[in-house]
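Shown next, in structure tokens, is the structure this report addresses.
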Amino acid sequence: MEAATFRPFGTHDWVHMKILLASFLALLSFAVVAADDNELIQALAPDLTSKSAPQRLHAIDTIASSPASRKAVWLQAMIDGDLYQLKSTDDMVIATKQGKEYAVAKASDGTDMGVEKKRALRKIRIDNRMRSYLRSLMGTFALSSDDVDERLKAVNALIGSVDSTTVERIRELEPQESSEQVRDKMGLLISIHDLENGTEAQQADAFSFVSGRLDNDVINSLRRLSVSSDNELVAVRAADLLAKAESSKRWYAHIETLFFGVSLGSVLVVAAIGLAITFGVMGVINMAHGELIMLGAYTTYFVQQLFPNAIDYSLLIAVPAAFIVSGSVGVLIERTVIRHLYGRTLETLLATFGISLILQQTVRTFVSSQNVAVINPSWMTGSWMVNPALSLTLNRMVIIGFCLLVFAILLLVFTRTGFGLQMRAVAQNRQMARAMGIRSARVDAMTFGLGSGVAGIAGVALSQLGNVGPNLGQTYIIDSFIVVVFGGVGNLWGTLVAGMSLGIGNKLLEPWIGAVLAKIILLVFIILFIQKRPSGLFPQRGRAVEN
Amino acid sequence: MKKTVSAFVLSVATMAATTAVSAADTIKVGVLHSLSGTMAISETTLKDTMLMLIDEQNKKGGLLGKELEAVVVDPASDWPLFAEKARELIEKEKVSAIFGAWTSVSRKSVLPVIEELNGLMFYPVQYEGEESSKNVFYTGAAPNQQAIPAVDYLMNDVGATRWVLAGTDYVYPRTTNKILEAYLLDKGVPAEDIMINYTPFGHSDWQSIVAEIKQFGSAGKKTAVVSTVNGDANVPFYKELANQGVSAEDIPVIAFSVGEEELSGFDTTPLVGHLAAWNYFMSVESDANDEFIDAWQAFIGSDERVTNDPMEAHYIGFNMWVKAVEKAGSTDTDAVEEAIIGISVPNLSGGYSTMMPNHHITKPVLIGEIQDDGQFDIVWETSGLVAGDAWSDFLPESKQIISDWRAPLACGNYNVTKGVCSGQNL
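First to last, the protein sequences are chains A and B. If you use this note's numbering, the first sequence corresponds to residues 1 to 547, in order. If you use this note's numbering, the second sequence corresponds to residues 548 to 973, in order.
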């Protein structure tokens, strides 16, 4: 599990591995005749192409223990899935994808053999288990790499799965290691080994090293020791450390749950806050709110399609673009449909429901009925490791921050600008506001546009979490209404508090009773709550009450 | 106005004329796949596959000297409409066989109609089993042709000893997981090493569940996830796994409903290295497959289009039907039903598939690893063919039940211990 924190599947890894490979090759100064290489790999061809995994593993071991000069190239090619056999001549080759075809080079000496179709090649099957085995083989080579990242990765790959010869080698390397991080990991690796296999003195050192550590391998190793050690003292010491580690792990688990809750809450708030404006302030039941979110998500997709080389910056363009797209669609809806229906709640509901269907079908017809792939920028993938027991995912953290930012801006617009003042005035008493010279029709259109635009930027955020497809809006519309109604119609603070408490409540319940029941229980709770307090957490004064 | 009316009359007349002609010397084949609604994404491809297969057969000279004619209807992802459309195909269009349905609920909806009218249906999708109808041929995988071998692979080749069974909360995952749980317990896996989790349709917030899986997998034992998570919920699930740093090398996820077609709508980066179990992958290396892909891409007019497992099931089912009709010398339902049992046709992975007496077929089982181009690298396959088992041997309520449609038993639900043949359901 330790290796997991380094995302072994990031694309960067392959690049690094190739760099590592080059440096490793440079280290191989002893010359071996290429003919032997060719003989070896061709002799292993039947094993490598075999359907039986043990046979392929055997071939890998044979390669690793052979003196072949190009063995690292082959092992690396296997990790990358680039090792093939040419069907026509049975030659083992390394093939890399070039457009629709494959550039082929002879495995034994790297001679270029031209381009071939995929069908002319037989792939050497490598599964996850073999790949991690290959990686640990390469890892022992990489320990002496010049690149700090490579060494770190190599040590991480070895933690928990080292034999005693490698440990001795690392023991020698450790004092000369320049990077503190790598040295720390080396120490950890040695300690985990020594806990169960070291001499008494080594074991004592190891105990003081792992004290206070929360790495999984440490905990598992302590757990084994605490039950199976022959030495009473060691067992007690292990049990003691284990109990400490587990109690702080429990602590971090609570923090993690809280983080999950806040993050779910921020998603709910982001999705609902546009509705809090259109439904809350204007009293319009806008069933097309979800589709305005969807339009925002699709805007992100199109921005990424337009600038395929700037994915990392795409969201910065997508946020204003989505605000404009959804906002203008919102103004259009308000001007053409909703303004004729003010005060007629049921008709508004039906009309906007119709609009939502039209918008969905438009996307289905003109884009695709299939989901589209929106890519996460690199700064939103992976997680921030606080310690081995707690890591916070970056995309969730960005969305929490984004939610708070949107909330703060909206609050400022509402309370600190002239437009916000007019908006509140119209919401509280339309007649009086008009008498004071406020053009209420224009304020209505602007308010609806603002709410729709905010729905659009919610779409940008949500496109980073889940599917982007024609049905995206339907997933969020119900939740959005629940949040707004629970929070109290027409109150931004209510939306924030309601969204967060629903999110946290959901995440607290989920580990106990499962996702399905958690949702049901929350809905039941809201039904009961609305019975008691029909106007939500923060009841509003103004037009909505007078009506 | 007059013009339109006369044009209308004319077109109706032509239509009537063509039907009159075609009724005489064609054999009709019904295609019952949703072309609109939520299932259209998956089912439209199968409709096109059928049109291609029929077209190819006609180029080879048709069947029994007659031309084949496809009758395409649209049940619009509306389950009761499947029954109505099936009735229309059999009663009004007089089709000789129906190829169709995707979801289990749509198949269950067609079942009473097809049995009442004694029609023939070929069902091409992997399903939960526990069914065998006289009038239906199941060319997709039964649980023992997908789920069980997948678990075997994880257990023997990956070395998994702790299991997470994660699924969407509906009938297919529930039944499959029930079978898998019984199978794992049977194999000696202790109950505390099995975690079962259900989520609602379209679940998007996987944080807690992934954290739980991570925690569950940190006990120092190799852990694997068997996923029957449906459609839309998959993308956020895999994204969360990747973001929380769970890699396929640590905790592999094997899925039963993620195929080439689904992957074409995903950003595949977070999925790379995870697994899927099917009976066919587009990347299978065989001449039959190369030909099929070429024919498909030429028929559909795009070399970007992918092939997938249910398409192969239709390919097998259609060829079996053709052979059975030739053997029986007629398209009569009873004659074809009798002739088809035991018929073998080439499948796309380079072997042959045979129709078994329980109306399921034999297939190889393949495990593929997801690649960044949306294709699968085959990492494992069963050494031989696996025959579909209609009634799971691992469920206490169905293990004594067998299905054999040959005379004299001719029963899809025969209880061996009691010696009785009951109806369709238990």
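For glycine and all other residues, C-beta sits at the position ideal for the given N, C-alpha and C.
(1) Do the region 709–727 of chain B and the region 745–756 of chain B make contact, defined as three or more Cβ pairs closer than 8 Å?
(2) Looking at the C-beta of residue 941(B), does it have a partner C-beta in chain A at a distance below 8 Å?
(3) Scan the region 691–720 of chain B for residues whose Cβ lies nearer than 8 Å to a Cβ of chain A and list them as they occur along the chain.
(4) Beta-carbon of residue 60(A) versus every beta-carbon of chain B: anything under 8 Å?
(5) Kindly indicate the opening and closing residues of the alpha helix (DSSP H) around residue 76(A).
(6) By DSSP, does residue 605(B) sit in helix, in strand, or in coil?
(7) Taking CB distances under 8 Å as the criterion, tell me whether residue 885(B) reaches chain A.
(8) To be precise: take each residue of the region 501–526 of chain A, compare its Cβ to all Cβ atoms of chain B, and keep it if any distance is under 7 Å. Which residues remain?
(9) Going by beta carbon distance, what residues of the same chain come within less than 7 Å of residue 337(A), once the five residues before and after it are set aside?
(10) Let me know if residue 104(A) comes out buried or exposed under the rule of 16 or more other beta-carbons within 10 Å of its beta-carbon.
(11) Step through the CB atoms of chain D and report whether any lies within less than 8 Å of the CB of residue 728(B).
(12) The region 730–752 of chain B: which residues have C-beta closer than 8 Å to a C-beta of chain A, in chain order?
(13) Evaluate residue 436(A) with the Cβ neighbour count: other Cβ atoms within 10 Å of its Cβ, from every protein chain shown; 16 or more gives buried, anything less gives exposed.
(14) May I have the straight-line CA-CA distance separating residue 701(B) from residue 162(A), to the nearest angstrom?
(15) Excluding sequence positions up to five away, which residues of its chain have a Cβ less than 8 Å from the Cβ of residue 440(A)?
(16) In or out: residue 858(B) buried (at least 16 other Cβ within 10 Å) or exposed?
(17) Thinking just about the alpha-carbon of each residue, which of 937(B), 879(B), 920(B), 896(B) is nearest to the one in residue 574(B)?
(18) Which of the three DSSP states, helix, strand or coil, is assigned to residue 717(B)?
(19) Taking 8 Å as the threshold (C-beta atoms), are residue 291(A) and residue 473(A) in contact?
(20) If we require 3 or more residues per run, which beta strand (DSSP E) segments fall completely within the region 338–397 of chain A?
(21) Tell me the start and end of each unbroken beta strand (DSSP E) in the region 868–918 of chain B that is at least 3 residues and wholly inside, in chain order.
(22) I'd like to know if the region 767–776 of chain B and the region 689–708 of chain B are in contact, where contact means that at least 3 CB-CB pairs between them fall below 8 Å.
(23) Where residue 828(B) and residue 140(A) are concerned, what is the direct C-alpha to C-alpha distance, given to the nearest angstrom?
(24) I'd like to know if residue 353(A) contacts chain B, where contact means its C-beta is closer than 8 Å to some C-beta of that chain.
(25) Considering only the alpha carbon of each residue, which of 851(B), 830(B), 649(B) lies closest to residue 668(B)?
(26) When we look at the beta-carbon of residue 263(A) and count the other beta-carbons within 10 Å, is it buried (16 or more) or exposed?
(27) In whole angstroms, give me the CA-to-CA distance for residue 871(B) and residue 890(B).
(28) Residue 905(B) and residue 751(B): beta carbons closer than 8 Å?
(29) Note down, in chain order, every chain A residue with its Cβ under 9 Å from the Cβ of residue 783(B).
(30) Around the Cβ of residue 806(B), are there at least 16 other Cβ atoms within 10 angstroms (buried) or fewer (exposed)?
(31) Since residue 96(A) sits in a beta bridge, which residues does DSSP pair it with?
(32) Measure how close the beta-carbons of residue 781(B) and residue 382(A) come, nearest whole angstrom, since I'm counting them as under 8 Å.
(33) When burial is assigned at 16 or more other CB atoms within 10 Å of the CB, is residue 674(B) buried or exposed?
(34) Opposite residue 431(A) in the DSSP bridges: which residues?
(35) Would residue 226(A) and residue 206(A) qualify as a contact pair, given that the criterion is a beta-carbon distance under 8 Å?
(36) Report the option in 961(B), 868(B), 865(B), 817(B) whose CA atom is closest to the CA atom of residue 378(A).
Here's the rundown:
(1) yes
(2) Position 394 of the second sequence holds residue 941(B). With 8 Å as the cut-off, residue 941(B) does not count as an interface residue toward chain A.
(3) 704, 705, 706, 716
(4) Position 60 of the first sequence holds residue 60(A). False, the Cβ-Cβ gap to chain B never drops below 8 Å.
(5) Here residue 76(A) is taken as the residue at index 76 of the first sequence, counted from 1. 71–80 is the extent of the alpha helix (DSSP H) around residue 76(A).
(6) Here residue 605(B) refers to the residue found at position 58 of the second sequence. Residue state, collapsed to three classes: helix.
(7) In the second sequence, residue 885(B) corresponds to position 338, counting from 1. Not an interface residue.
(8) 507, 510, 511, 514, 515, 516, 519
(9) Here the question's residue 337(A) lines up with position 337 in the first sequence. Excluding sequence neighbours, residue 337(A) sits near 351, 355.
(10) Here residue 104(A) is taken as the residue at index 104 of the first sequence, counted from 1. Answer is buried; the Cβ neighbour count reaches 16.
(11) This model lacks chain D altogether, as its protein chains are A and B.
(12) 744, 745, 746, 747, 749, 750, 751, 752
(13) For the purposes of this step, residue 436(A) is taken as residue 436 along the first sequence, with counting starting at 1. Exposed, since its Cβ has fewer than 16 Cβ neighbours within 10 Å.
(14) As a working mapping, residue 701(B) is identified with position 154 in the second sequence. As a working mapping, residue 162(A) is identified with position 162 in the first sequence. Looking at the two C-alpha atoms, the distance is approximately 23 Å.
(15) Counting from one through the first sequence, the residue named residue 440(A) turns up at place 440. Excluding residues within five positions, the ones whose Cβ falls inside 8 Å are 426, 430, 433, 434.
(16) One-based indexing of the second sequence puts residue 858(B) at position 311. Residue 858(B) should be labelled buried.
(17) Here residue 574(B) refers to the residue found at position 27 when the second sequence is read from its first residue. The shortest C-alpha separation from residue 574(B) is found at 879(B).
(18) As a first step, residue 717(B) must be located in the second sequence, where it is residue number 170. The answer is coil: DSSP assigns residue 717(B) none of H, G, I, E or B.
(19) In the first sequence, counting from the first residue as 1, residue 473(A) sits at position 473. In the first sequence, counting from the first residue as 1, residue 291(A) sits at position 291. Closer than 8 Å, so yes.
(20) 383–387, 390–393
(21) 891–893, 899–901, 913–917
(22) yes
(23) Reading the second sequence from its first residue, position 281 is the one you call residue 828(B). Reading the first sequence from its first residue, position 140 is the one you call residue 140(A). Their Cα atoms are separated by approximately 36 Å.
(24) On the first sequence, position 353 is the one that residue 353(A) refers to. Judged by the 8 Å Cβ criterion, residue 353(A) is not in contact with chain B.
(25) In the second sequence, the residue the question calls residue 668(B) occupies position 121. Residue 668(B) has its Cα closest to that of 649(B), out of 851(B), 830(B), 649(B).
(26) Taking the first sequence and counting its residues from 1, the one referred to as residue 263(A) is at position 263. By the neighbour-count rule (16 or more Cβ atoms within 10 Å), residue 263(A) is buried.
(27) Taking the second sequence and counting its residues from 1, one reaches residue 871(B) at position 324. Taking the second sequence and counting its residues from 1, one reaches residue 890(B) at position 343. Going from the Cα of residue 871(B) to the Cα of residue 890(B) covers about 7 Å.
(28) By one-based count along the second sequence, residue 905(B) stands at place 358. By one-based count along the second sequence, residue 751(B) stands at place 204. It is not a contact, given that the beta carbons lie outside the stated cut-off.
(29) For this step, residue 783(B) is matched to residue 236 along the second sequence. 465, 466, 467, listed in chain order.
(30) Taking the first residue of the second sequence as position 1, residue 806(B) is located at position 259. Per the 10 Å Cβ criterion, buried.
(31) Here residue 96(A) refers to the residue found at position 96 when the first sequence is read from its first residue. 103(A), per the DSSP bridge assignment.
(32) Here the question's residue 781(B) lines up with position 234 in the second sequence. Here the question's residue 382(A) lines up with position 382 in the first sequence. 20 Å between Cβ atoms; not a contact.
(33) Counting from 1 along the second sequence, the entry for residue 674(B) is found at position 127. Label assigned to residue 674(B): buried.
(34) The count along the first sequence starts at 1 and reaches residue 431(A) at position 431. Beta-bridge pairing links residue 431(A) to no other residue.
(35) One-based indexing of the first sequence puts residue 226(A) at position 226. One-based indexing of the first sequence puts residue 206(A) at position 206. No, Cβ-Cβ distance for residue 226(A) and residue 206(A) is not below 8 Å.
(36) In the first sequence, counting from the first residue as 1, residue 378(A) sits at position 378. Selected option, being the one with the closest Cα: 817(B).
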